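Structure record follows, encoded as structure tokens.
Residue numbers (this note's numbering), protein chains in the order written: chain X, 1 to 485; chain Z, 1 to 485.
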């Protein structure tokens, strides 16, 4: 594989913000940059050259200013810091397109139960009773620590107390789309949907356009948990405020049956008829789209967040991802909340996404390795409206990149790094994480979050929850005898 | 949860070999043992008390001689070494009931291809051309390193050059059932099935009853890759030599269709009619058993090795594990070979096993956490005929145990350790591994395998294979542009 010269790469990139001139060969003339990051294998996700060897990128401020062979980058740029590439993959950070970060606090509180029991008896009561601003701050910080460590650089969040989420994101250095959830019931931060929407509007007013890494959006919960009029109000606010929306969409049989019984329409057709998709929408799950629905999603540019762990664990079903991609729909991966996963490991979602389509379609060629990696990076970025900014290593893109150490024994031997990234890599193989040009994890050490403090705070919250719920919250139904914790 | 006193535990255990008398309270009288291993949570897999807190076990020689509260164990026993339990789970080692260890050398050589292309164009040619005794030694050692590190203490192997496998197992300290593969084609170590069987008989003669950790068995490949007469010959040898067999069984649609066309019988019914199940059999995969087949498996005590990663990745199908367990069949987990997985991470198989049944049955209560953990330990041990020796923490059992560190942030907070072991734990959380009373990994350091040497040897082999196959072996079909390594 031969690298294209830097100048050609620059010319090939549309919308490059800080594309450098032809690099100078002599050391004294090297241009100053903040960071050079190498990669024995550079996975650019650029369609023309997905993997190149012995490469590097130069970062100035928040953006990538050069991509090329490591020796050329080193000859052309002088950096304050250089992260070596030997034995490492350099690639775009992962994009987690759907989740509820603060639900890490409920991780493992109730498993192996049917969805209604799980929601009604465990999750909703625990949330209304215990979720406050402090809870959200602690849970989101714990989630961000886990996500950064696993190579996630951008996430979409739907939860409550969005200012607390935004503050954590501001401090920890990640990139996020933050959706205050609007739902037609008493929630932790609003008495009803109307109050929730008013608060969401205020939140958007406070944050829209104010922070380069934080995008406030709207989070109508789902078609079955809001009235048609409430859905219209949220969609109207999205148009008026010019923000995207994130919504649970076509997730479960329950949702489909409810909508067919009430409106004789699929959730997607129902929303389309109401003009809901006039604003950019990230539809979470997309398990049961009809052929007509797939046409609507493609035509309206709706992004889909595929959450295989959650869909399997709570028996939602198997989303027809191969068909969605075939139709040209932008599909990314999401972890969903830690209460239905129970971790936030995007490498697990990627692998599971490939595995699940292969067995569901009985086609081992379905969702090959590079396709699912694309979904987790550039595809996910497009699905959430950030395709021009993140998801590929190219000049002008935001510098959201990660390095994985491929020297671990489970990668031996190496024929094909793309295969290893999908079928072998775990979150623990991520070694360095950079967002917006800032190093958030160096040599596995998290630099922006005090993990020991957060773990202790999360455990305190869990002890209080477990005690107040009578110690019966935890556990799987077949465990009669453990009172862990 | 209150621990039962040691004396009661002793009395409750059948077949205890070295059950201790009532422990003495005074320190000077403490009985000498080799090792005490603690656990903030001790997952005994004993049906009566799956999880107990602040416990420990004492190990003398190759066996567990006491299980109880940590303070009582420390009062009663004096050990040469003590592995602390704070923040850790102590549990039985994992049992990998099906695999081809040396196939780690082909890890990632060809993915995302249909089964026939994969086997005929990549795997079989590479094997016949490159697999020799040295290859098997290196590949098996690499696999053992990965398995030990991931908490697997026992594995079932089906491959070639079984003496090389046995020597690696002898040296690295694991426990294994080793099956020389008998197949009706030219294989790496035999020209045909007859020669393969003769060599297998000789191997069994050399190893049977000679080593406490090594059990030589027979490995007829599958019903479609051996003639009925050849299957009869292997079964006859198994009866004569009094050894179990491991066979790929009811794995793919291809296998079912072939047998129905040729014999108008399912593979399981066909084998049962020939008396194949008169010897203990480990059937790998079991994806397509009919109801009658399930009855046969239950009645004849056939163990099933469930390999969800492999079944998904190469589109074999979804095994009806919930139904098999319901029928009382002993089911364990297997990783299969690294070429169809592509790692040997049993914690991934366990989680996937739970997830896959939940979505396949659309019942989130299917295969709850404790059930899949049981499959990976005591159930797997029963499936391979070692249920009396390993798989639970009880007095008299072989000391095959592991510790996991639960202080990592992805376990925070902790409500339920069983949930965390299934839905969160990765192989990297395993910290100490003990087999037959010997510490094989201490604080993540492998003590019996020179990992750097093995990795280098594996990479050398891979380079030779890739070079001789023209560099076209590696990669996924959609990667036209990478020629990694």
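Where is the CB? At the ideal position from N, CA and C, for every residue including glycine. In this text the structure is predicted, and so the values were computed from the model without any measurement.
Listed along chain Z is no residue with a C-beta nearer than 8 Å to that of residue 447 of chain X; the closest approach is about 14 Å. Of X:274, X:301, X:306 and X:348, the smallest CA-CA separation from residue 288 of chain X is found for X:306. Contact check between the stretch 150-158 of chain X and the stretch 341-353 of chain X: three or more CB pairs, one atom from each, fall below 8 Å, which counts as touching. CA-to-CA, the gap between residue 228 of chain X and residue 397 of chain X works out to about 39 Å.
Interface criterion met: the Cβ of residue 315 of chain Z is under 8 Å from a Cβ in chain X.
Residue 356 of chain Z is positioned such that its CB atom lies closer than 8 Å to that of residue 308 of chain Z. In this structure the stretch 361-372 of chain Z does not lie against the stretch 128-142 of chain Z, because fewer than three pairs of beta carbons, one per stretch, are closer than 8 Å. Counting only residues of its own chain and dropping the five nearest sequence neighbours on each side, residue 417 of chain X has a CB closer than 8 Å to the CB of 41, 43, 51, 89 and 406. Annotation: residue 332 of chain Z to residue 96 of chain Z spans about 7 Å, alpha carbon to alpha carbon. Residue burial is scored here from C-beta neighbours: residue 460 of chain Z has fewer than 16 other C-beta atoms within 10 angstroms and is therefore classed as exposed.
Residue 157 of chain Z sits in a strand when the DSSP states are folded into three classes. Per DSSP, the beta-bridge partners of residue 333 of chain Z are Z:96 and Z:306.
In the three-state reduction of the DSSP assignment, residue 432 of chain X falls in the strand class. Using a CB distance below 7 Å, the part of the stretch 406-422 of chain X facing chain Z consists of 409, 410, 412, 413, 414, 415, 416, 417, 418, 419 and 420, ordered along the chain. With fewer than 16 other Cβ atoms from the protein chains shown falling within 10 Å of its own Cβ, residue 171 of chain X counts as exposed. At a cut-off of 4 residues, the continuous stretches assigned as alpha helix (DSSP H) that sit fully inside the stretch 134-189 of chain X are 162-172. CA-to-CA, the gap between residue 301 of chain X and residue 446 of chain Z works out to about 51 Å. Chain order gives the chain X residues near residue 342 of chain Z as 419, 420, 423 and 424, where near means a beta carbon separation below 8 Å. Of all residues in the stretch 63-88 of chain X, none is placed with a Cβ closer than 8 Å to any Cβ belonging to chain Z. Look at the stretch 265-331 of chain X and you find these whole runs of alpha helix (DSSP H), each 4 residues long or longer: 267-273, 291-300, 308-313 and 321-326. Residue 105 of chain X and residue 413 of chain Z do touch by the CB rule: their CB atoms are close to 7 Å apart, below 8 Å.
Interface annotation, residue 358 of chain Z: in contact with chain X, CB-CB separation under 8 Å.
Chain-order list of chain Z residues neighbouring residue 145 of chain X: 409, by C-beta distance under 8 Å. For residue 246 of chain X, there are no neighbours in chain Z by C-beta distance under 8 Å, as the nearest C-beta there is about 23 Å away. Closer than 8 Å to the CB of residue 455 of chain Z there is at least one CB belonging to chain X. For the 8 Å CB-CB criterion, residue 37 of chain X and residue 434 of chain X form a contact. Chain Z has no Cβ within less than 8 Å of the Cβ of residue 250 of chain X.
Taking a contact as a CB-CB distance under 8 Å, the pair residue 162 of chain X and residue 178 of chain X counts as one, their CB atoms being some 5 Å apart.
A contact between stretches requires three or more CB pairs, one per stretch, nearer than 8 Å, and the stretch 61-69 of chain Z fails this requirement with the stretch 112-124 of chain Z. Assignment of residue 119 of chain X by DSSP, reduced to helix, strand and coil, places it in the helix class.
The Cβ atoms of residue 315 of chain Z and residue 336 of chain Z lie no closer than 8 Å to each other. Around the beta carbon of residue 155 of chain Z, a 10 Å sphere encloses 16 or more other beta carbons of the protein chains shown; the residue is thus reported as buried. Taken through DSSP and simplified to helix, strand or coil, residue 380 of chain Z comes out as helix. Closer than 8 Å to the CB of residue 312 of chain X there is at least one CB belonging to chain Z. Sequence-distant partners of residue 427 of chain X (beyond 5 residues in either direction) whose C-beta falls short of 7 Å from its own C-beta, in its chain, are 149, 150, 151, 345 and 347. Three or more beta-carbon pairs separated by less than 8 Å are not found between the stretch 206-216 of chain Z and the stretch 257-272 of chain Z, which leaves the two stretches without contact.
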